[in-house]
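Position one of the sequence shown corresponds to residue 1 (UniProt numbering), numbered consecutively onward.
All residues carry an ideal CB built from backbone N, CA and C; glycine is no exception.
The structure appears right after this line, and notes come after that.
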Amino acid sequence: MAKLLNRPYANEEKRQILDMLRGNINRISVSTDVEEIVCQLNFAVDRLSAVAYSRIKEIRDGDQRWRD
């Protein structure tokens with residue numbers, strides 16, 4: 001998830017990320033391997049951060065449009 005956002009995520013992209021987050025949560029819930037749990041946690045945090053940054057970009061771009 002190291003890609004930079006040049007635009008906010010579309011709704012379909014958000015749905016795909018939500019599905020992946022659910023997968024991360026499910027794997028964390030059933031795993032007995034500590035490394036797997038930590039790895040899935042890191043993936044989930046990265047995905048959640050990407051959604052948050054997308055929303056921030058959406059808000060800031062929206063604010064900018066109102067100022068122009």
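The residue among Leu21, Ala50, Ser54 with its C-alpha nearest the C-alpha of Cys39 is Leu21.
Each residue's CA atom was taken as its position, placing Asp46 and Asn11 some 18 Å apart.
Rounded to the nearest whole angstrom, the CA to CA distance from Pro8 to Asp33 is 35 Å. Asn26 counts as exposed, since fewer than 16 other beta carbons sit within 10 angstroms of its beta carbon. Glu58 and Leu5 have their C-alpha atoms spaced approximately 10 Å apart.
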